[in-house]
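Asks:
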Amino acid sequence: MTAQHSRTPADGPWIGASVGRREDPRLLSGNGRFTDDLELPGMLHAQFVRSTVAHGTVTSLDLTAVRQVPGVVAAFSAEDLAGGGGLADITARLGRPLTEFVPTGMPVLARDRVRYAGEPLAVVVARDAYAAEDGLEAARVTYETLPAITSEEQALAPGAPLVHDEASANTLLDVSMFATEGIDETFDEAPCVVRVETRTGRQNALPLETRGVVASWDHREDQLLLQTSTQVPHQVRTTAARCLGLDERAVRVVVPDMGGGFGQKCVVGREEIAVGAAALRLGRPVKWIEDRKDALSASFLAREQHYDVRAAFDSDGRILGLDASVVCDMGAYSCYPFTAGIEPLMASAEMPGVYKVPAYRVRARAVTTNKAPTAPYRGVSRPQYVMVMERLFERAARELDLEPTEIRRRNLITQFPYTGVNNVTYDPGSYLESLNLCESVLREEGWYAAKEAASARGRHLGIGYSCFSERTGYGSAAFAQRKMEVVPGFDISEVRMDTSGALVVTTGTMSHGQSHETTMAQIAADELGLDIAKVRIHQGDTDRITYGWGTFASRSIAIGGSAIRLAAGKLGEKLKVIAASVLEVPAEELELGQGAVRRPADGSSVPYEELADIAYLKSHLLPKDVEPGLTATATFDVFNDGTFSNATHGVVVELHQGTGQVEILRYVCVEDCGVAINPQVVEGQTRGGIAQGIAGALFEQVTYDEHGAPSAVSFMDYKVPTALEIPEISIHHLETPCAFTETGAKGVGEGGTIGAPGAVLNAVNDALLPTGVELDDTPITPETVVSALEQTP
Amino acid sequence: MTDTTHQPRQQQLISLQVNGEHHELLTEPRRTLVDALRHDLRLTGTHVGCEHGICGACTVLLDGQPVRACLMFAAQAEGSEIRTVESLADGRQLSDLQQAFSEHHGLQCGFCTPGFLMLAEGFLAERPEASKEEIREVVASNLCRCTGYQTIVEAIDDCATRRRAALRSQLEGNGPEHTGPEHTGHQDAGHQNESNSETGPPRAACEEDRCGSTTRSR
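These protein sequences, in sequence, are chains A and B.
For the record, in the first sequence the residue sitting at position 688 is 1068 according to the working numbering, with numbers rising by one throughout.
For the record, in the second sequence the residue sitting at position 191 is 196 according to the working numbering, with numbers rising by one throughout.
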């Protein structure tokens, strides 16, 4: 299970090759087609009147003046759209008792109550986007303000005002799990107990393309067309149909090119539904493109969590137990379909991670506050709990006078499959090997010596690591275990070969930068022995594709890619059967390759074009019992605990005394995602993920004042790192193929983001060692670094 | 509920020179250059990421200089030669810069890419000898959320290196007549035409603030 670079014989020449991206030519030449690039005849433009208060009762909403603004065509409040059955709320549920989870409705437009600054109250539709903005300024809204709940402490304070009347103690989810018998005694008797309390900043996933939708009624199809930037097209269709009271057939969701998503677009947005409702009312196409201010303050945020975790160790540094409290500030609403439970449930289920933890107890809660709601964001709680675990091990190493890498080595899972205290079974990975390689790279490059030398000259260098695994390829079993009422998991793929021998492949996943048009084509091309130029991937159109779950949770290659391989395999069998009748030999003697069915025994072959010609245009030549046409469909799902990618990140930082800057001098990542379908794409996903992890560790945060006003409404306040902050990143690959995905691949979309905060924090704290100060909260700001360095040893 | 009754806002006739073509359009004075390019001229390759001059997705060349098209009114661009991402390729043949982005995986979702391409196109025309460090500094003018920037820097650096090599071999061998020899496989005819067009070479400009206002201090 260690570094294996060879491919299994079934793999062909495309899988494993850094095939150039098929998305690139259009995106490089300005021929991409993003949502805001769409222009329809008679199209109008929408913007939203949004609440200016964080918490209040709406006492009046007057749109009269709005409708008088030149260029404004219409303005709708919730009440205006309520006719004819009205607009149903978007309600995300878990199959848990009310003591564990409280469902709360998210109205498409707020009615009498607003719960965060930025909440949509009315939609203004105008001839152009400028006039729509003019219209917003004419809206008159009055509120009776209520006290704003802006922190977890306020939310949980006895007698606190309630954000949702039905959610007592402002708690949407409260679960206690595992509670290994005897865990209290374990902690009482352990020679070493360390504690980490950390708060992580509220972040924005921040796709560079903001959310947006063009809604239009198609008279010919008798259908509402929503062209929207979403990671989950079928879930948007289901929700839109239900909210608008339409048959699901009467809604078609088409996804144009997407400018990123990172999770923010894997939930249904209320604006998508409201714009659809406006288009239905007006009988004209309506476009909404979220502006950056709204994207920063009023869309879905993520990541604000509070951990208080203790770990017990024996005197040799072996972990004995883990006792955790996790509180996630989920903001004003539960997102659909994942609910406000997504972050706390992820943290509690997965926290032990790559370590052999014999005893575990966790209480995880989601609280609701008067801040913008949250959605999954790349990594979902794993960046935080990995950081907590890695801080615990570093702290224990200090207490026990062990090398930080040595204490990890003593605790990493090395025997697979391994079933943990959290009832999760981990498939084979290279946990120990990745740590060893990462450490040896930093040692051989001389960073340990450099640190010593720098320290002697009064400089502050530090080295830090994080070891982690990341569950990918969550199937329906895993999501059902989380008790989601809407249970994602499977993916269905259809392959169709046409008379020219070209192949169209459908996938229910939704690439938004991950290169699936290339990597999924590699999988299909290998399976059928086709030139990749003959393969097209179709995604993101609910009328062309069977029900799918979209792209999130690093599921697409592991699950969607497997469905593609299975479907292509089925088609290959059919091609062989037809060829067998042409060649008058048994099908078992035939192979697929170079665009033809081949018989190695005598070198004879039948090109796919010829077989397709028979299948479609000369079906009388088909063997008995073989149906005309060349299509095949397959489904793939994961019925075990999924497959775990893993990595070790090693970071060297220097802290600058005067400015408080944390400069990253070296970043090394050793990753293992099983078979890499396209190594260049894997590196791209990893580097980009690490950049977002660094962003969370050092730069990005949305804070709120005591009235619930968000601090970051522009890029002047929300500090997205640039090429000067993100360092070069060196990536090393190990390969432990997954035994049960069809390609041996594991997911790779989130790992970079998961590993970075822990490694960066550990490096910063290593540099701070002489000061005695430890920093556990993110983002680490220059102010905290300056004040830490002012502490004399 | 119809918009035809409303009095139209005051409009003005402006003319824009974009990618070598002359356009006349009737716009409100407040219309930004990026909106005029995207929605009036339907050149949608230029993107809008923030509308306040930070992200750089809307970067175009104005008389050879990278500018934020979201920070300018369309009317302010009258009399200037504008170049957008649509000008880089020659038909279906990508330019050497575009090919370098693809080879180095310098784009993922592709939303920021046109801005980076135009930023690099303007910068390399002015500083063909730029070091990788200088390139990284210029790349820091724009935001990318997908790549972590490294491959963007590498793509631009590789393109610059190949252009320099091509120029050297030309000076040594074939004479200084044209910009790049065919054998590099990365110099594209359309690009040559562009740089030899009537607009002439980009004018020199100050290096500190190429994009009119953008990098923040931390």
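We treat Cβ as the ideally placed atom computed from N, Cα and C, and that holds for glycine.
In this text, all values refer to a predicted model and were calculated from it rather than measured experimentally.
Taking a cut of 9 angstroms between CB atoms, which residues from the region 31-56 of chain B lie near chain A?
Replies: Flagged, chain order: Glu33, Arg35, Arg36, Asp40, Arg43, His44, Arg47, Leu48, Thr49, Gly50, Thr51, His52, Val53, Gly54, Cys55 and Glu56.
Asks: Might you give, ordered along the chain, the residues of its own chain that have their beta carbon closer than 7 angstroms to the beta carbon of Leu1078 of chain A, omitting 5 neighbours on each side?
Replies: Once the five neighbours on either side are set aside, the close Cβ partners of Leu1078 of chain A are Val1042, Val1140, Pro1159 and Ile1160.
Asks: Using a Cβ-Cβ distance under 8 angstroms, would Ser327 of chain A count as near chain B?
Replies: Any question about residue 327 of chain A goes unanswered here, given that chain A covers just 381 to 1173.
Asks: So Met890 of chain A and Gly826 of chain A are supposed to be a Cβ contact under 8 angstroms. How far apart are they, rounded?
Replies: Incorrect: roughly 45 angstroms between the Cβ atoms, too far for contact.
Asks: Out of A:Ser761, A:Ala776, A:Val965 and A:Ser548, which has the shortest C-alpha to C-alpha gap to Val482 of chain A?
Replies: The shortest Cα separation from Val482 of chain A among A:Ser761, A:Ala776, A:Val965 and A:Ser548 belongs to A:Ser548.
Asks: What does DSSP give as the partner residues of Asn1026 of chain A in its beta bridges?
Replies: Paired residue(s): A:Ser849 and A:Asp1052.
Asks: What distance in whole Å lies between the Cβ atoms of Ala455 of chain A and Leu467 of chain A, which are believed to be in contact at a cut-off of 8 angstroms?
Replies: Actually they are not in contact, since the Cβ atoms of Leu467 of chain A and Ala455 of chain A sit about 16 angstroms apart, beyond 8 angstroms.
Asks: Looking only at DSSP bridge pairs, what is Asp871 of chain A linked to?
Replies: Looking at the DSSP assignment, Asp871 of chain A forms a beta bridge with A:Phe1016.
Asks: Could you give the DSSP three-state label for Phe693 of chain A: helix, strand or coil?
Replies: Strand, per DSSP.
Asks: Is the CB of Val158 of chain B under 8 angstroms away from at least one CB in chain A?
Replies: So, interface residue.
Asks: Which residue marks the beginning of the beta strand (DSSP E) containing Lys667 of chain A, and which one marks its end?
Replies: Note, Lys667 of chain A: beta strand (DSSP E), Val666 to Ile669.
Asks: My guess is that Thr899 of chain A and Arg924 of chain A are in contact by the Cβ rule of under 8 angstroms, so how many angstroms apart are they, rounded?
Replies: 20 angstroms between Cβ atoms; not a contact.
Asks: In this structure, does DSSP put Tyr496 of chain A in helix, strand or coil?
Replies: Coil, per DSSP.
Asks: Name the chain A residues whose beta carbon is nearer than 9 angstroms to that of Glu91 of chain B?
Replies: Near Glu91 of chain B (Cβ distances below 9 angstroms), the residues of chain A are Ser409, Gly410 and Asn411.
Asks: Decide if the region 724-735 of chain A is in contact with the region 795-808 of chain A; the criterion is three or more beta carbon pairs, one per stretch, under 8 angstroms apart.
Replies: Verdict: yes, contact present.
Asks: Quick one: using the 10 Å Cβ neighbour count with 16 as the cut-off for buried, is Gly838 of chain A buried or exposed?
Replies: It is exposed - the Cβ of Gly838 of chain A has fewer than 16 other Cβ atoms within 10 Å.
Asks: Keeping to the same chain, check which residues put their C-beta closer than 7 angstroms to that of Ile944 of chain A; ignore five residues upstream and five downstream.
Replies: Answer for Ile944 of chain A: Ser873, Val885, Thr887, Met900, Ile903 and Ala904, listed in chain order.
Asks: So which of A:Glu989, A:Val742 and A:Arg935 has the shortest CA-CA distance to Phe558 of chain A?
Replies: If we check each option's Cα against that of Phe558 of chain A, A:Val742 comes out closest.
Asks: Note down, one range per segment and in chain order, each beta strand (DSSP E) of at least 3 residues found wholly within the region 893-966 of chain A.
Replies: Whole beta strand (DSSP E) segments, 3+ residues: 915-918.
Asks: Measure the C-alpha to C-alpha separation of Gln110 of chain B and Arg401 of chain A and round it to an integer number of angstroms.
Replies: Sequence check: residue 110 of chain B is His here, not Gln. Cα to Cα, His110 of chain B sits roughly 8 angstroms from Arg401 of chain A.
Asks: Going along chain B, which residues have a C-beta under 7 angstroms from His1000 of chain A?
Replies: Near His1000 of chain A there are no residues of chain B at all, since even the closest Cβ is about 41 angstroms away, more than 7 angstroms.
Asks: Pick from A:Thr479, A:Asp982 and A:Ile994: whose alpha carbon is nearest that of Gly881 of chain A?
Replies: Out of A:Thr479, A:Asp982 and A:Ile994, A:Ile994 has the C-alpha closest to the C-alpha of Gly881 of chain A.
Asks: Could you pull the start and end residues of the beta strand (DSSP E) that Arg520 of chain A belongs to?
Replies: Residues Arg520 to Thr525.
Asks: Nearest to Asn1145 of chain A by alpha carbon, out of A:Cys1118, A:Gln534 and A:Leu1035?
Replies: Taking only the C-alpha atoms, the option nearest Asn1145 of chain A is A:Leu1035.
Asks: Cα-Cα, which of A:His896, A:Ala678 and A:Ala1119 is closest to Gly498 of chain A?
Replies: Cα-wise, what sits closest to Gly498 of chain A is A:Ala678.
Asks: For Cys5 of chain B, go through chain A and note every residue whose CB falls closer than 7 angstroms to its CB, in chain order.
Replies: This structure cannot settle anything about residue 5 of chain B, because the visible part of chain B is limited to 6 through 223.
Asks: State the DSSP-derived secondary structure class of Gln1072 of chain A, mapped to helix, strand or coil.
Replies: If DSSP states are grouped into helix, strand and coil, Gln1072 of chain A belongs with the helices.
Asks: Who are the Cβ neighbours of Ser398 of chain A in its own chain at under 7 angstroms, not counting the five residues just before and after it?
Replies: Hits under 7 angstroms: Asn1058, Pro1059 and Gln1060.
Asks: In the DSSP output, what is Cys572 of chain A paired with across the bridge?
Replies: According to DSSP, which records beta bridges pairwise, Cys572 of chain A is partnered with A:Phe693.
Asks: Considering only residues of the same chain and omitting the five flanking positions on each side of Thr794 of chain A, which have a CB-CB separation below 8 angstroms?
Replies: Only Tyr811 and Leu812 meet the Cβ criterion.
Asks: Just to confirm my understanding: we take Asn198 of chain B, look at its own chain, exclude 5 residues before and 5 after, and list those with CB closer than 6 angstroms. What are they?
Replies: Only weak support exists for where Asn198 of chain B lies, its pLDDT of 37 falling under 50; the value from the coordinates is given anyway. Closer than 6 angstroms at the Cβ level, and outside the excluded window around Asn198 of chain B, lies no residue.
Asks: Classify His27 of chain B as helix, strand or coil using the three-state DSSP reduction.
Replies: Looking at His27 of chain B - three-state DSSP - the assignment turns out to be strand.
Asks: For Glu971 of chain A, count the other beta carbons within 10 Å of its own beta carbon; 16 or more makes it buried, fewer makes it exposed. Which is it?
Replies: Per the 10 Å Cβ criterion, exposed.
Asks: Along the region 1086-1110 of chain A, what residues have a CB closer than 9 angstroms to any CB found in chain B?
Replies: Within the region 1086-1110 of chain A, the residues whose Cβ lies closer than 9 angstroms to some Cβ of chain B are Ser1094, Phe1095, Met1096, Lys1099, Val1100, Pro1101, Thr1102, Ala1103, Leu1104, Glu1105, Ile1106, Pro1107, Glu1108 and Ile1109, listed in chain order.
Asks: Applying the criterion that 16 or more other CB atoms from any shown protein chain within 10 Å of the CB defines a buried residue, is Phe1095 of chain A buried or exposed?
Replies: When all chains shown are included, Phe1095 of chain A counts as buried.
Asks: Taking Leu355 of chain A as the reference, give the member of A:Val1165, A:Ala712, A:Val438 and A:His599 with the closest Cα.
Replies: Residue 355 of chain A cannot be examined here, being either before or after the span of chain A that is shown, 381 to 1173.
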